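Chemist: Below is a structure I'd like to ask you about.
Number of protein chains: 2
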Amino acid sequence: MTEPKAPDPSRRSERSRRAIYEAALGLVGEVGYGRTTVEAIAARAGVGKQTIYRWWPSKAAVLMDAFLDLATRAAEEAGPGGPVIPDTGDLRADLRLVLRATVDQMNDPAYDAPARALTAEGVIDAATGARFVERLLAPQLELYTVRLRAAQQAGAVRPSVDPRIALELFVGPLLHRWLLRTLPLTHAYADAVVDYALDGLAPRP
Amino acid sequence: MTEPKAPDPSRRSERSRRAIYEAALGLVGEVGYGRTTVEAIAARAGVGKQTIYRWWPSKAAVLMDAFLDLATRAAEEAGPGGPVIPDTGDLRADLRLVLRATVDQMNDPAYDAPARALTAEGVIDAATGARFVERLLAPQLELYTVRLRAAQQAGAVRPSVDPRIALELFVGPLLHRWLLRTLPLTHAYADAVVDYALDGLAPRP
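In structure tokens:
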């Protein structure tokens, strides 16, 4: 017979952290950034307010970490290797894969609601926006820069192209359609964006 | 000696309407969409609350009209012919002109603050977003569709391209950089977006 185990404190705090993230994302999606409070997050997560303040200095900090955690887990679920853009040697196929996965994420209500709330807050508040870009967006965009540079070395992208501008031809249209809800975000749309950006709109000689 | 003129009521109400628009745009840029009230707009414009409610059913309606008025005047100032994309026969030059003007507008604080407040509200609230798209955005995007269709007929855009998707390669990157404040919005950037979208990123054979 084995001894009964003492509760593992690191496992318990991992459980609390996850409950706090879920409560934070749920609340911000339901009532918006402005009306989400540390008190409400603590109540929904079933922890004391002190637990949250022991780990994060502010509501902004816990919401940012919750969202980073969501984005990281989504990237991990998307495939082995974690949050990278694959390099199979076929740039078109690799970008279609990434843009289709982005479309799927934008269409997922569990992502859509908190992502809208946090993006809207960043649109209005420059300091929140800067943190959002620094901690979440810039590392994601860097993956495109790396992949496009590799494509340039492989001869699949013109040498004169600036990868940091070029990547906006992929992520810009998706953001436009998602944030402004103009038309449905589909895989066919993602494929067309990749094809138009790679081949251009002007006829080829 | 001429008779002293009676005050012109239509001119007086035009003055009130303009004062209400200016107050509405100023307030929404300063305190945000949620905290802007009809009372505060009336007080700043120097009119009675009843004057506003005689012309508009709600805060949302007056803010939308104020913003439409701002956008229309900006388009009129941009050049004769009003809010159209020119067709000089040179698609690249015409699009550079429009994208540079868009960049200038986004960099103008008088546009930036209310535009951010209204866009953020539309990002969160689907009904506001839908009105924004229907009344303001869709007519603007239609101008791109028309210009790209003319370019297809002139042989400057491949016949297989869907203009409604293609236009997002121009407006998407600008929205991304403006809303998320990633990097400066310059004329050189606008020109690069036009060139990349027209020529594509892949090498031409």
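Going down the list, the sequences are from chains P and Y. Just so you know, we're using our numbering here: the first sequence kicks off at 1 and counts up by one. Just so you know, we're using our numbering here: the second sequence kicks off at 206 and counts up by one. The beta carbon of each residue, even a glycine, is placed where N, CA and C say it ideally should be. Just so we're clear, the structure is a prediction, and the values are computed from it rather than from any experiment.
1. Starting from the beta carbon of residue 324 of chain Y, find every residue of chain P whose beta carbon is closer than 7 Å, and list them in chain order.
2. Between which two residues does the alpha helix (DSSP H) carrying residue 394 of chain Y extend?
3. Helix, strand or coil for residue 84 of chain P, going by three-state DSSP, please let me know.
4. Please identify the residue among Y:242, Y:252, Y:236, Y:238 whose C-alpha is closest to the C-alpha of residue 219 of chain Y.
5. Going by other Cβ atoms of all chains shown within 10 Å of its Cβ, with 16 needed for buried, is residue 360 of chain Y buried or exposed?
6. Quick one: what's got a C-beta closer than 6 Å to residue 335 of chain Y's C-beta in the same chain, skipping five residues either side?
7. Quick check: what's the CA-CA separation for residue 324 of chain Y versus residue 205 of chain P?
8. Using CA coordinates, which residue listed in Y:345, Y:333, Y:295 is at the minimum distance from residue 238 of chain Y?
9. Does the Cβ of residue 114 of chain P have 16 or more other Cβ atoms within 10 Å, making it buried, or fewer, making it exposed?
10. Grab me the residues of residue 190 of chain P's own chain with a C-beta within less than 8 Å of its C-beta, minus the 5 sequence neighbours each way, in chain order.
11. Counting only the same chain and skipping the five closest in sequence on each side, list residues whose C-beta sits under 8 Å from that of residue 77 of chain P.
12. Using a Cβ cut-off of 8 Å, which residues of the segment 227–256 of chain Y contact any Cβ in chain P, in chain order?
13. Can you check whether the C-beta of residue 87 of chain P is within less than 9 Å of a C-beta belonging to chain Y?
14. Name the residue from P:91, P:30, P:35, P:69 whose alpha carbon lies nearest to the alpha carbon of residue 19 of chain P.
15. Apart from the five residues just before and just after residue 357 of chain Y, which ones in its own chain have a Cβ nearer than 8 Å to its Cβ?
16. Taking the C-alpha atoms as reference points, what is the distance between residue 255 of chain Y and residue 222 of chain Y?
17. Please confirm whether residue 196 of chain P has its beta-carbon closer than 9 Å to some beta-carbon of chain Y.
18. Under 8 Å Cβ-Cβ, which residues of chain Y neighbour residue 157 of chain P?
19. Whole angstroms is fine: what's the gap from residue 40 of chain P's alpha carbon to residue 125 of chain P's?
20. State the DSSP-derived secondary structure class of residue 119 of chain P, mapped to helix, strand or coil.
21. Under a three-way DSSP split, which group does residue 316 of chain Y fall into?
22. Where do the N-terminal and C-terminal ends of the alpha helix (DSSP H) with residue 94 of chain P fall, by residue?
23. Applying the criterion that 16 or more other CB atoms from any shown protein chain within 10 Å of the CB defines a buried residue, is residue 200 of chain P buried or exposed?
24. At 8 Å on the CB atoms, spell out the chain Y contacts of residue 116 of chain P, in chain order.
25. Just the C-alpha distance for residue 1 of chain P and residue 65 of chain P, rounded to the nearest angstrom, thanks.
26. Closest by CA to residue 86 of chain P, which one among P:143, P:176, P:166, P:107?
27. What is the rounded straight-line gap between the Cα of residue 117 of chain P and the Cα of residue 385 of chain Y?
28. Which first and last residues belong to the alpha helix (DSSP H) in which residue 142 of chain P is found?
Modeler: According to the structure shown:
1. Those within 7 Å of residue 324 of chain Y in chain P are 123.
2. Here the alpha helix (DSSP H) through residue 394 of chain Y covers 392–404.
3. Secondary structure at residue 84 of chain P: coil, using DSSP grouped into helix, strand and coil.
4. The alpha carbon of residue 219 of chain Y has as its nearest neighbour, out of Y:242, Y:252, Y:236, Y:238, the alpha carbon of Y:252.
5. Looking at its Cβ environment, which holds fewer than 16 other Cβ atoms inside 10 Å, residue 360 of chain Y is exposed.
6. Correct list: empty, nothing qualifies.
7. Cα atoms of residue 324 of chain Y and residue 205 of chain P: separation of roughly 41 Å, rounded to the nearest angstrom.
8. When only C-alpha atoms are compared, the closest one is Y:333.
9. So residue 114 of chain P counts as buried.
10. Its chain contains 96, 99, 100, 102, 103, 174 as the residues whose beta carbon lies nearer than 8 Å to that of residue 190 of chain P, once the 5 sequence neighbours on both sides are disregarded; these appear in chain order.
11. Answer for residue 77 of chain P: no residue qualifies.
12. For the segment 227–256 of chain Y, the set of positions with a beta-carbon nearer than 8 Å to some beta-carbon of chain P reads 237, 239 in chain order.
13. Against chain Y, the CB of residue 87 of chain P has no partner CB under 9 Å away; the residue lies outside that interface.
14. Closest by alpha carbon: P:69.
15. Closer than 8 Å at Cβ, skipping near neighbours: 363, 364, 366, 368.
16. Spanning the two alpha carbons is a distance of roughly 13 Å.
17. Yes, contact with chain Y.
18. Chain Y residues near residue 157 of chain P: 406, 407, 408.
19. The alpha-carbon atoms of residue 40 of chain P and residue 125 of chain P are separated by roughly 22 Å.
20. Here residue 119 of chain P sits in helix by DSSP.
21. Residue 316 of chain Y falls in the helix class under three-state DSSP.
22. Annotation for residue 94 of chain P: the continuous alpha helix (DSSP H) segment containing it runs 91–106.
23. Classification for residue 200 of chain P: buried.
24. By Cβ distance, chain Y contributes 328, 329.
25. Residue confidence is low: residue 1 of chain P scores 48 on pLDDT, short of 50, so the model does not pin down where it sits. Its coordinate-derived value is still stated next. Those two C-alpha atoms are separated by around 42 Å.
26. Of all alpha-carbon atoms in P:143, P:176, P:166, P:107, the one lying nearest the alpha-carbon of residue 86 of chain P is that of P:143.
27. Cα to Cα, residue 117 of chain P sits roughly 14 Å from residue 385 of chain Y.
28. It spans 138–153 - the alpha helix (DSSP H) in which residue 142 of chain P sits, taken as one unbroken run.
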